[in-house]
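Undergrad: Position 334, counted from 1, in the sequence shown is what the numbering used here calls 346; the numbers after and before it change by one each time, with no gaps.
I am attaching a structure below and will ask some questions about it afterwards.
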Amino acid sequence: MRWGLAARFGSVLALVSLLTTGMTGLYAYQISRDLLVQAAKDELMNATQAVARRIQEIRLDISRDLLLLARHPASQALLLQPPSQTARHADELATLFKLLMTANPGFFQLRLISAADYGLERVRVDRHNDQLLMVQGDELQEKSHYPYVSDTLKLPADSTYLSRIVINHERGAHAGLGQPTAQLASPVVNAQGQAIGVIVINIDLKGNFARLTADLPAEFQLFLANQQGDFLIHPDSSKTFGFDAGRRVLMQDEFPATQALVEGRATQVLLETNDGAHADVPMVAAFISSQVKIANSEAALHLGLAQPRSSVLKRSEALGQTILQIAGALGLLGFALALLLARWITRPINSMSTAVARFSTEQPIVSLPVNRQDEIGQLARSFDQMQQQIRQQFTELQANRQELEHLARMDALTGLPNRRLFMERLDNALERAQRTHNPLAVMFIDMDHFKAINDRWGHDAGDAALQWVANQLLANTRKTDTVARLGGDEFVVLLDSPVAIDQLATIAQKLIDSMREPWFFEGHLCSIELSMGISLYPQDGDTVDALLSSADSAMYRVKSASRNDFGFALQR
């Protein structure tokens, strides 16, 4: 059988069509895989930042517990009076310790330690198996040689100290013995402001992180390292706290890209690794570095989440099968039609190949003969279907990313900006003020007796009260101002536009007076009052932390003096 020009040209055209279709399918498949990996990295980074924020919130909650215990009259009475006169206070404080430990399963131990008697423990409650044990008598130990006691005694009132994260080897630690732990402590001061003892909470590191990551996908792996990169949390427990056994197991050895975090050259890293310990199971990971901003023995901590790259690419299997089917169908049909109608089929196949080669997620495939009622039209519609599937997956990924970003920047209860977004706006406002030499003001607001609302009418009333206060603050500030909720019952207002000091006093009084409007919860008239501290740039600070700290201190002075009032960071 002689092959004519049409047969030979048709055969060549069929082979070219098959090759073009295969390359186009491979290219589209590779793009989809790359998009999925990048989306997984972004998802991991958002999840890592969310875990870091939850850790910060837990630390703030513990600091509030420490402040409550340090200010409790029983704590001061135990440290100021002879032991023979303090039995009732010891029982009262031990009961309070047990209540807090019952509410916080992540506490291993709660102690009141005296500055005198070589740091003798005065009240101590340990977690022992499933029970809470009050340690008494000769079992109480002297702890003055531990940094969490000696260093905390040097701090001012209402401060918080964080110890190194280590394996607990303290004698008689009960449930905490041999477990990863950290101590958070706060000084107890007398009327003259002198430290007379410390309140210490031992934290169950492993248990707290297990609860933090319980709602993350099962394939996510959590990593935590100290400033030098020693692993504190790792899926393989044999790699944690290597320094405790005289060896070093470092994050930067397992994930070389994190060397930039350890050296302080970066605050976050996205990476893929397929060698070393991860040669068999390549991983996609996100790591962030966070500076510890309270008195501490750990200047920085590095947090990371990782997942197997294979679990990310599973999502592309269905798309790959669709692309393979379309490519196979196009190649076979093109070969058959090319042999029969080479000249007739050449133009539409070339047109289709060109259109598919220009495909991207931003622009649709154009010039496809989708209205044809033959095999070419069927192939064109198949390509159009493939485009819709890719676009749909890409749109869903984008929507999920935007939703995560929104949740990361807004307070879910009040709809106000959260701490992260507020800190960004304050940082931007501070940069503008430094360029233009214009003043700005920060109002730190705390609800008075908020706990009484929760105790009397329940947490639904507390949530409703927070929402009402947020609405009142928004209604009585300018659109150019930023009203945010930092957490709990704490709000903050940024006055970016220049405002005179006497106008600030008027605005502050207006916000306090706005709380006098009647507010009812389930038919009950509720009273809400505010304590407010105000700091000004540049008088009270020229950094974000300095301005917030000055306003916070001013608010606490108001709360200690009278409540339902405002005060400036510098007495005016």
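Glycine included, each C-beta is placed from N, C-alpha and C at the ideal position.
Report the three-state DSSP secondary structure of Q260 (helix, strand or coil).
TA: For the purposes of this step, residue 260 is identified with residue 248 of the sequence shown, where counting begins at 1. It is Arg, not Gln, that sits at residue 260 in the sequence shown. The answer is coil: DSSP assigns R260 none of H, G, I, E or B.
Undergrad: According to the neighbour-count rule (16 or more other Cβ atoms, all chains shown, within 10 Å of its Cβ), is V570 buried or exposed?
TA: One-based indexing of the sequence shown puts residue 570 at position 558. It counts as buried.
Undergrad: Quick check on this structure: which residue in M295, A341, I211 has the alpha carbon closest to the alpha carbon of S322?
TA: The residue given as residue 322 occupies position 310 in the sequence shown. Comparing Cα positions, the closest option is M295.
Undergrad: At what residues does the alpha helix (DSSP H) containing M113 begin and finish?
TA: Residue numbering aside, residue 113 sits at position 101 when the sequence shown is read from its first letter. Unbroken alpha helix (DSSP H) run through M113: 99-115.
Undergrad: Quick one: any contact between the stretch 98-116 and the stretch 519-526, if contact means 3 or more CB pairs under 8 Å?
TA: No: fewer than three Cβ pairs fall under 8 Å.
Undergrad: Note down, in chain order, each residue of its chain lying with its Cβ closer than 7 Å to the Cβ of F580, except the 5 sequence neighbours on either side.
TA: Position 568 of the sequence shown holds residue 580. Correct list, in chain order: I546, A566.
Undergrad: Can you tell me whether S250 is buried or exposed, with buried defined as 16 or more other CB within 10 angstroms of its CB?
TA: For the purposes of this step, residue 250 is taken as residue 238 along the sequence shown, with counting starting at 1. Exposed, by the Cβ-count rule.
Undergrad: Strictly by DSSP, which residues pair up with F434?
TA: By one-based count along the sequence shown, residue 434 stands at place 422. F434 pairs with nothing; no bridge assigned.
Undergrad: Please report how far the alpha carbon of S539 lies from the alpha carbon of V481, in whole angstroms.
TA: The sequence position of residue 539 within the sequence shown is 527, counting from 1. The sequence position of residue 481 within the sequence shown is 469, counting from 1. Those two C-alpha atoms are separated by around 11 Å.
Undergrad: Nearest-angstrom Cα distance between S309 and A230?
TA: Reading the sequence shown from its first residue, position 297 is the one you call residue 309. Reading the sequence shown from its first residue, position 218 is the one you call residue 230. Those two C-alpha atoms are separated by around 33 Å.
Undergrad: On the criterion of 16 or more Cβ atoms from any shown chain inside 10 Å, does H536 qualify as buried, or is it exposed?
TA: Locating residue 536 in the sequence shown gives position 524, where the first residue counts as 1. Exposed, since its Cβ has fewer than 16 Cβ neighbours within 10 Å.
Undergrad: Between which two residues does the alpha helix (DSSP H) harbouring G499 extend?
TA: Numbered from its first residue, the sequence shown carries residue 499 at position 487. Not the alpha helix (DSSP H): G499 falls in the beta strand (DSSP E), residues 494-499.
Undergrad: What first and last residue would you give for the beta strand (DSSP E) that runs through A237?
TA: Numbered from 1 along the sequence shown, position 225 holds the residue referred to as residue 237. Where A237 is concerned, the enclosing beta strand (DSSP E) stretches over 233-237.
Undergrad: Applying the 10 Å Cβ sphere with the 16-neighbour rule, what's the burial state of K463?
TA: Within the sequence shown, residue 463 is the residue found at index 451, counting from 1. K463 comes out exposed.
Undergrad: D439: buried (16+ other C-beta within 10 angstroms of its C-beta) or exposed?
TA: Against the sequence shown, residue 439 aligns to sequence position 427. Result: exposed.
Undergrad: Please tell me whether A297 and L283 are closer than 8 Å, where the distance is taken between their beta carbons.
TA: Numbered from its first residue, the sequence shown carries residue 297 at position 285. Numbered from its first residue, the sequence shown carries residue 283 at position 271. Contact flag set, yes.
Undergrad: What does a CB cutoff of less than 6 Å around F253 pick up in its chain, not counting 5 residues either side in sequence?
TA: Looking up residue 253 in the sequence shown gives position 241. These residues qualify, in order along the chain: I179.
Undergrad: Which stretch, first to last residue, makes up the alpha helix (DSSP H) that contains F462?
TA: Residue mapping note: residue 462 aligns to position 450 of the sequence shown, counting from 1. Counting along the chain, the alpha helix (DSSP H) containing F462 begins and ends at 462-469.
Undergrad: Among G131, V556, D73, which has the Cα closest to the Cα of S156?
TA: Looking up residue 156 in the sequence shown gives position 144. Minimum Cα distance to S156 is reached at G131.
Undergrad: CB A194 to CB L174, shorter than 8 Å?
TA: Along the sequence shown, read from residue 1 onward, the residue named residue 194 stands at position 182. Along the sequence shown, read from residue 1 onward, the residue named residue 174 stands at position 162. Contact: yes.
Undergrad: For M13 and K326, I'd like the C-alpha separation in whole angstroms.
TA: Working through the sequence shown from its first residue, we reach residue 13 at position 1. Working through the sequence shown from its first residue, we reach residue 326 at position 314. Any reading at M13 needs caution, since the residue's pLDDT is 45, under 50, leaving its predicted position unreliable; the model's value is listed next. So the alpha carbons of these two residues sit roughly 49 Å apart.
Undergrad: Pop quiz: L273 and V63 are said to be a contact at Cβ under 8 Å. What is the actual Cβ separation, rounded to whole angstroms?
TA: As a first step, residue 273 is located in the sequence shown; it is residue number 261 there, counting from the start. As a first step, residue 63 is located in the sequence shown; it is residue number 51 there, counting from the start. Contact flag wrong, Cβ pair sits at about 16 Å.
Undergrad: With a cut-off of 8 Å, does the C-beta of L273 fall near any C-beta of chain C?
TA: As a matter of chain content, chain C is missing from the structure shown, which is built from one protein chain.
Undergrad: Give a yes or no on contact between the stretch 512-522 and the stretch 553-562, applying the rule of three or more CB pairs nearer than 8 Å.
TA: No, because fewer than three Cβ pairs between the stretch 512-522 and the stretch 553-562 fall closer than 8 Å, the two stretches do not touch.
Undergrad: How many Å lie between L72 and T448 at the Cα?
TA: By 1-based counting over the sequence shown, the position of residue 72 is 60. By 1-based counting over the sequence shown, the position of residue 448 is 436. Distance between the alpha carbons of L72 and T448 is about 35 Å.
Undergrad: Roughly how many whole angstroms lie between the Cα atoms of H431 and P510?
TA: Taking the first residue of the sequence shown as 1, we reach residue 431 at position 419. Taking the first residue of the sequence shown as 1, we reach residue 510 at position 498. For the sequence presented, residue 431 should be read as Arg rather than His. Each residue's Cα considered, the two are about 23 Å apart.
Undergrad: Expressed to the nearest angstrom, what Euclidean distance is found between the alpha-carbon atoms of P117 and D103?
TA: Taking the sequence shown and counting its residues from 1, one reaches residue 117 at position 105. Taking the sequence shown and counting its residues from 1, one reaches residue 103 at position 91. Their Cα atoms are separated by approximately 21 Å.
Undergrad: Closer than 8 Å by C-beta to I215: which residues in its own chain qualify, once you throw out the five before and the five after it? Chain order, please.
TA: Position 203 of the sequence shown, counted from the first residue, corresponds to residue 215. Correct list, in chain order: I74, G118, F119, F120, T193, A194, Q195, L196.
Undergrad: G149: which of V137, D142, Y160, Q143 sits nearest, CA to CA?
TA: Numbered from its first residue, the sequence shown carries residue 149 at position 137. Comparing Cα-Cα distances from G149 to each of V137, D142, Y160, Q143, the minimum goes to V137.
Undergrad: Label P199 either buried or exposed according to how many other C-beta atoms from any shown protein chain fall within 10 Å of its C-beta, with 16 as the threshold for buried.
TA: Residue 199 sits at position 187 when you count from the first residue of the sequence shown. Buried, since its Cβ has 16 or more Cβ neighbours within 10 Å.
Undergrad: By a C-beta neighbour count over all protein chains shown, 10 Å radius and 16 as the cutoff for buried, is V293 buried or exposed?
TA: For the purposes of this step, residue 293 is taken as the residue at position 281 of the sequence shown. V293 comes out exposed.
Undergrad: Mapping DSSP to helix, strand and coil, what is A197?
TA: Taking the first residue of the sequence shown as position 1, residue 197 is located at position 185. Three-state DSSP puts A197 in a strand.
Undergrad: Residues bridged to E600 by DSSP?
TA: In the structure as shown, the chain begins at 13 and stops at 584. Residue 600 is therefore absent and cannot be evaluated.
Undergrad: Is the Cβ-Cβ distance between H140 and A106 less than 8 Å?
TA: Numbered from 1 along the sequence shown, position 128 holds the residue referred to as residue 140. Numbered from 1 along the sequence shown, position 94 holds the residue referred to as residue 106. No.
Undergrad: Which stretch, first to last residue, makes up the alpha helix (DSSP H) that contains V161?
TA: The residue given as residue 161 occupies position 149 in the sequence shown. Here the alpha helix (DSSP H) through V161 covers 159-165.
Undergrad: Taking C-alpha atoms, which residue in E443, I465, A573 lies nearest to F532?
TA: Within the sequence shown, numbered from 1, the residue matching residue 532 stands at position 520. Nearest of E443, I465, A573 to F532, Cα basis: I465.
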